[in-house]
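Asks:
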Amino acid sequence: MTTTDQPLVVDRLTVRYGKVTAVDDVSFTVGPGEVYALLGRNGAGKSSAISCLVGQRRAAAGECRLLGMDSWRLRRRAMERVGVVPESPDLPPGTSAVELGRFLGRVRRGWSAADFGGRLERVGVPPRLPAGRLSKGQRRQLALAAVLAAAPEVLILDDPTLGLDAVVRRELLSELVGELADRGTTVLITTHDLTGIEGIADRVGIMRRGRVLLDEPMTELKSRFRRLRFMPADGATADRVERALASLEPLVTRRVGSQIDAVVGRADRDGIAALGETAGRVEIEVEPLALEEIFVALCGDEGGGAS
Amino acid sequence: MRAFLALVRHEIRERRALLAAAAVASLLPVVAPLLPSTGSNPAEDIREAVMWVIVGGLAPLFALLLGVSFIGRDLAEGRIGFYYAQPLTAPTIWFGKLTAVVLLVWAVEAIVMLPTILLAPDPVSFLGRPSALDPYLPEWLAPALLPLAGLVIVLVAHAAGIVWRARSAWLVVDLVGLLVAAALAWLAISPFLPLVAPDIAIGAAWWVFGWCLVGLVAAGAVQVAAGRVDPQRCHRALSTTLWTILVVSTGALLAWTAWVRSTDLDDLDSVDVLAMGRGDWIAVWGTAAGRFDYHPRFLVNIDDGRSVPLGPGTGWAGSEVWLADDGRTAVWLKPDGFLSWTILSADLAAEHPVPRSTGLTIGMDWEDVAIAPDGARFATLEGRMLAVYEGLPAEQIAATHIPEPLNPIQITFDDPDTVRVLASSREGGPTGPGRSWLMWFDLAGRRLTDRVEIPSPWRWGRYGRDGRTDHPLTTIAVGGDRHVAIRDPATGEVVRDLGVTGFWSVRLLGDGRILVLFDHDGDDRLEILLTTGELAATIDLPEADQVFDAGMIAPERLLVGLVDPSGGGEERLEHLRTIVVDLRSGSWSLVSDGHLPALRRWLAWTNSGAWEVGSTASRLLRAENGSLVLLDPATGELRRALPASG
């Protein structure tokens, strides 16, 4: 399968607001059935990229393709097979779940009223209350139910857990895993719930200041990043360790007394061993990192470089 | 279509609270007559008045709110993406939402009106009855006014809402576009206002209005398609589309109106005579293909074809051209803005006559203009003010104020130093026993001299001067019974009582005799009177619907025009004939079947020079198709004069 045949393609995308470049030459693809987590701090450009990807905003440069279709020019056709849950639920505020279901049943192919109703019942969304009077979580559940009831081939979720409490967040993500695993749906998700997404995403892209810092499979990412803890005997040794660490291009280095903590993105066994040789006899602890820790190491100071 | 209908239904349902509000408001007219302060007014009148107040206030308010919000609010609050996330085309989104809000506005109007209509004495005819707006609107428009207003408000409010919410740099384009489109529309329409060509002005206004609607609808559609969720991009798409359409459409209108205004003499396909005098110069106006009611005027020399464009006529008062008795000077009015006219003149003795401004403007209260027999002076009558001018630019040499309660109507130069004034009073209103006066303004003494009273309220007095005896005569109808008498204007004495008559004309034949033509059904005839009023001869004329005296093409040979109705159906057709009457023998013969003499007695601004025996004017005939031909009295042949081609 070539890149352009992928269900979701972002190719050299640039988005500008006046003179401000929000997305700068960004590219990534999501394969069939893959769950892609697009991560980044607020203002990193994720929502702008998604807005272009779903054909709602025109790119200044580059292109986005959904299921092989240009998402700006062929938005309507693409939306027949794509479901979108935006960052803020944009449901018409005067419309109840029942009315929404009736409307979507007339405009969306493959709409399942039973799925829609069943899901609403499961998550406890009042069917006749206007969307404007639902809680934030209920609105998000309603939006998600409206999207899933059409059984889209591609699902784009822009921070679907935003503003939800931890319980609802877990439920929503685990629900998604079950639903999507059953259907083989391709998913692009942006979220700040890194712990929640860690067990779901197949691939991770991290954006910072409008650019993609990294784009790789979750397992690879997690195996690559390590925290190294050095406990040298004296300050002179600690100085040697710090100098030697530079060869591993640590993302974060912290020294407390003679103890040195560092996060590195190229933590292969040989490299660490060589570091030990260079620094002298130093005790080194090597720990794996959670996705959230990797993200903080990469984006926390807004100064780290791409690995 | 399925998605469109679903969206319309969804949008209406989303805003159904408005319908409930309208239903509540519709009860107010019903309960209004029960209020104690309504006095003794009929309940249906109170209901109707309150209903119109509510419809006039509520429907536009709802239209405004819906127009501003139906896309603009979703855009501003980040909810418009919901529609783009569905498999809906941009036109479906725009037209679906627009249709829904327009239907809502119309439904609000209907709901508010419904109880009042149902309670009206005759509900069926309630909406079909005449309204106060009827005289000013096309017949189809009055019932459509309310729905149309709703649509317009929704569209304008939408555009304004998008512009206001985006507040981008494109505001500058909006301002420039608005100014340019308004300026182009004004430049296109104003030359036809208010009297020059009202049909064109109204049509052009509809053109602009129609394109405004098209522009607003198209701009909204493009905005939704190209701007989507980006407010700035929406503003840009809306502005570029709207102003492009409006500037192009108003520019095209301006180009078309410029083409209309450039109508040349050769473009005319139908010509009417405006003024004729001594010599070969006549004033004409006419119509040209595709120019609707635009009537350009020209001075034309029938002999050599030279012409002077005079600008458009106004369709009624203000189109006149006055030719001096010697035929060497013309004075005319040119519409100048709203309800004012500039006075222009031309020296027809010049090799290439051109319009020259006199520097004078008169307002809408002007009554008459007169030019001296030698063309050196002209006089204007504005309200009660009579002023006489000479030279170019014109300088006032004398003026006087016609005293109350006289209303001056007509002015004529008796000679270069004397202006005769006809005035009337209206005691007892239009049907009361009004009176007329003849007065003379002495330019040297700068005062009104003699005054002759004539008991008549009717302004259409006719004058003639006997070329040989210089004896002036007038006929004045008496009262409202169409009783007519020929009077001596110097004394007001009755020369001959013509009795109660339908249509008539009187003029002097130049040798002291008076020619009277009676246009009576079944009794069309000529009477030749002596100066004393004594009947000298009667000549019966062929039967016709209209008969008129058209001048003498040769001594004792009078041209008479006859008009008969012909054809049928709704279109009024006329059959035209011209005969020549031998005044000595009393016999007549047909000159042309299909032509009518151009010279008419009722052309008040046709000066006495045209009535000279054998004048060019007297030989000019007009065909049914609107062309002018020149009669050769010797051979009876007709030569095409205007339009030169065709």
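Chains as they are written, first to last, in the numbering used here: chain A, 47 to 353; chain B, 369 to 1014.
Beta carbons: idealized from backbone N, C-alpha and C, even for Gly.
(1) Nearest CA to the CA of S708 of chain B: which residue from B:D917, B:G681 and B:S986?
(2) Step through the CB atoms of chain B and report whether any lies within less than 8 Å of the CB of T19 of chain A.
(3) Once DSSP output is grouped into helix, strand and coil, what is the label at R604 of chain B?
(4) Near A320 of chain A, what residues of its chain come up, given a Cβ to Cβ distance below 7 Å and the 5 sequence neighbours on each side ignored?
(5) For the alpha helix (DSSP H) that contains T467 of chain B, what are its first and last residues?
(6) Would you call the stretch 72-90 of chain A and the stretch 245-261 of chain A in contact, with 3 or more CB pairs under 8 Å?
(7) Round the Cβ separation of V480 of chain B and L426 of chain B to the nearest angstrom and send it over; I've been treating them as touching at under 8 Å.
(8) Using beta carbons (cut-off 8 Å, strictly below), is T612 of chain B in contact with chain A?
(9) If you check the beta carbons only, do L883 of chain B and R875 of chain B fall under 8 Å apart?
(10) If you draw a straight line from the C-alpha of D71 of chain A to the C-alpha of R121 of chain A, how long is it?
(11) Taking R148 of chain A as part of the alpha helix (DSSP H), name the residues at either end of that continuous run.
(12) Does the structure place the stretch 975-984 of chain B close enough to the stretch 645-655 of chain B that three or more beta carbon pairs sit under 8 Å?
(13) Can you list, in chain order, the residues of its chain with a C-beta nearer than 7 Å to that of A812 of chain B? Leave out the 5 residues immediately preceding and following it.
(14) What whole-angstrom Cβ distance do V548 of chain B and V615 of chain B have, given they're in contact under 8 Å?
(15) Just to confirm my understanding: we take E329 of chain A, look at its own chain, exclude 5 residues before and 5 after, and list those with CB closer than 6 Å. What are they?
(16) Three or more beta-carbon pairs under 8 Å between the stretch 120-139 of chain A and the stretch 158-170 of chain A, yes or no?
(17) To which residues of the same chain is A762 of chain B closer than 7 Å at the C-beta, ignoring the five residues directly before and after it?
(18) For G1015 of chain B, which of B:A791, B:I613, B:G518 and B:M920 has the nearest alpha-carbon?
(19) Starting from the C-beta of G619 of chain B, find all residues in its chain whose C-beta is less than 7 Å away, skip the five residues before and the five after it, and write them out in chain order.
(20) Span of the beta strand (DSSP E) holding H769 of chain B?
(21) Have a look at D491 of chain B and I485 of chain B and give me their C-alpha separation to the nearest angstrom.
(22) On the three-state DSSP scale, how would you describe W734 of chain B?
(23) Of all the residues that make up the stretch 444-469 of chain B, which are near chain A by a beta-carbon distance shorter than 7 Å?
(24) Do G129 of chain A and V193 of chain A count as a contact pair if the criterion is CB distance below 8 Å?
(25) If we cut at 8 Å on Cβ distances, does P132 of chain A have a partner in chain B?
(26) Please report the Cβ distance between V233 of chain A and L226 of chain A, rounded to the nearest whole angstrom; I am assuming they are in contact, meaning their Cβ atoms lie under 8 Å.
(27) Would you please verify whether the beta carbon of D136 of chain A is less than 8 Å from any beta carbon of chain B?
(28) Going straight from the alpha carbon of V576 of chain B to that of F438 of chain B, what length do you get?
(29) Taking 8 Å as the cut-off, decide whether the C-beta atoms of A106 of chain A and S117 of chain A are in contact.
(30) DSSP three-state call for W700 of chain B: helix, strand or coil?
(31) Rounded to the nearest angstrom, what separates H526 of chain B and L482 of chain B at their Cα positions?
(32) Give the secondary structure of G129 of chain A by DSSP, where H, G and I count as helix, E and B as strand, and everything else as coil.
(33) Using a Cβ-Cβ cut-off of less than 7 Å, list which residues of the stretch 96-115 of chain A approach chain B; keep chain order.
(34) Touching or not, the stretch 376-390 of chain B and the stretch 452-462 of chain B, by the rule of three or more beta carbon pairs under 8 Å?
(35) Say the cut is 7 Å; is the CB of C602 of chain B nearer than that to a heavy atom of the ligand ZN?
(36) Q305 of chain A: buried (16+ other C-beta within 10 angstroms of its C-beta) or exposed?
Replies: Let me lay it out:
(1) For the purposes of this step, residue 708 of chain B is taken as the residue at position 340 of the second sequence. Comparing Cα-Cα distances from S708 of chain B to each of B:D917, B:G681 and B:S986, the minimum goes to B:G681.
(2) In this structure chain A extends from 47 to 353, so residue 19 of chain A is not present and cannot be described.
(3) For the purposes of this step, residue 604 of chain B is taken as residue 236 along the second sequence, with counting starting at 1. Here R604 of chain B sits in helix by DSSP.
(4) Position 274 of the first sequence holds residue 320 of chain A. There are no such residues.
(5) Indexing the second sequence from 1 puts residue 467 of chain B at position 99. Its alpha helix (DSSP H) spans residues A458 to L487.
(6) yes
(7) By one-based count along the second sequence, residue 480 of chain B stands at place 112. By one-based count along the second sequence, residue 426 of chain B stands at place 58. With 8 Å as the limit, V480 of chain B and L426 of chain B qualify as a contact, their Cβ atoms being about 6 Å apart.
(8) Here residue 612 of chain B is taken as the residue at index 244 of the second sequence, counted from 1. So no, T612 of chain B is outside the interface.
(9) Your numbering for residue 883 of chain B matches position 515 in the second sequence. Your numbering for residue 875 of chain B matches position 507 in the second sequence. Against a cut-off of 8 Å, the Cβ pair of R875 of chain B and L883 of chain B comes out as a contact.
(10) Here residue 71 of chain A corresponds to residue number 25 of the first sequence, with the count starting at 1. Here residue 121 of chain A corresponds to residue number 75 of the first sequence, with the count starting at 1. The alpha-carbon atoms of D71 of chain A and R121 of chain A are separated by roughly 21 Å.
(11) Taking the first residue of the first sequence as 1, we reach residue 148 of chain A at position 102. Per DSSP, R148 of chain A belongs to the alpha helix (DSSP H) from A143 to V153.
(12) yes
(13) Position 444 of the second sequence holds residue 812 of chain B. For A812 of chain B, where only same-chain residues beyond five positions count, the Cβ hits under 7 Å are D785.
(14) Counted from its first residue, the second sequence places residue 548 of chain B at position 180. Counted from its first residue, the second sequence places residue 615 of chain B at position 247. Contact flag correct, Cβ pair sits at about 5 Å.
(15) Sequence index remark: in the first sequence, residue 329 of chain A carries index 283 (1-based). Around E329 of chain A: M277.
(16) no
(17) For the purposes of this step, residue 762 of chain B is taken as the residue at position 394 of the second sequence. The answer, listed in chain order, is T726, G727 and L728.
(18) Any question about residue 1015 of chain B goes unanswered here, given that chain B covers just 369 to 1014.
(19) Within the second sequence, the letter at position 251 stands for residue 619 of chain B. Excluding sequence neighbours, G619 of chain B sits near L552.
(20) Here residue 769 of chain B refers to the residue found at position 401 of the second sequence. First-last of the beta strand (DSSP E) with H769 of chain B: E763 to H769.
(21) Taking the first residue of the second sequence as 1, we reach residue 491 of chain B at position 123. Taking the first residue of the second sequence as 1, we reach residue 485 of chain B at position 117. A small fix is needed here, since residue 491 of chain B is Pro in this sequence, not Asp. Whole-angstrom Cα-Cα distance: 5 Å.
(22) The residue you call residue 734 of chain B lines up with position 366 of the second sequence. DSSP places W734 of chain B in strand when its eight states are reduced to three.
(23) G446, R447, G449, F450, Y452, A453, Q454, P455, L456 and T457
(24) To locate residue 193 of chain A, count along the first sequence from 1; it is residue 147. To locate residue 129 of chain A, count along the first sequence from 1; it is residue 83. For V193 of chain A and G129 of chain A, yes; Cβs fall inside 8 Å.
(25) The residue labelled residue 132 of chain A in the question sits at position 86 within the first sequence. P132 of chain A counts as touching chain B.
(26) Along the first sequence, read from residue 1 onward, the residue named residue 233 of chain A stands at position 187. Along the first sequence, read from residue 1 onward, the residue named residue 226 of chain A stands at position 180. So it is a contact: roughly 6 Å between Cβ atoms.
(27) Taking the first sequence and counting its residues from 1, one reaches residue 136 of chain A at position 90. Yes, because at least one Cβ of chain B sits closer than 8 Å to the Cβ of D136 of chain A.
(28) Taking the first residue of the second sequence as 1, we reach residue 576 of chain B at position 208. Taking the first residue of the second sequence as 1, we reach residue 438 of chain B at position 70. The alpha-carbon atoms of V576 of chain B and F438 of chain B are separated by roughly 25 Å.
(29) Residue mapping note: residue 106 of chain A aligns to position 60 of the first sequence, counting from 1. Residue mapping note: residue 117 of chain A aligns to position 71 of the first sequence, counting from 1. No, the pair does not count as a contact, with Cβ atoms beyond the cut-off.
(30) Counting from 1 along the second sequence, the entry for residue 700 of chain B is found at position 332. It is a strand residue.
(31) Start at 1 with the first residue of the second sequence, and residue 526 of chain B comes out as number 158. Start at 1 with the first residue of the second sequence, and residue 482 of chain B comes out as number 114. Cα to Cα, H526 of chain B sits roughly 28 Å from L482 of chain B.
(32) Within the first sequence, numbered from 1, the residue matching residue 129 of chain A stands at position 83. Reduced to three states, the DSSP call for G129 of chain A is strand.
(33) S97, V100, G101, Q102, R103 and R104
(34) no
(35) Ligands are entirely absent from the displayed structure, and the ligand ZN is therefore not among its contents.
(36) Indexing the first sequence from 1 puts residue 305 of chain A at position 259. Classification of Q305 of chain A: exposed, given that the 10 Å Cβ count is below 16.
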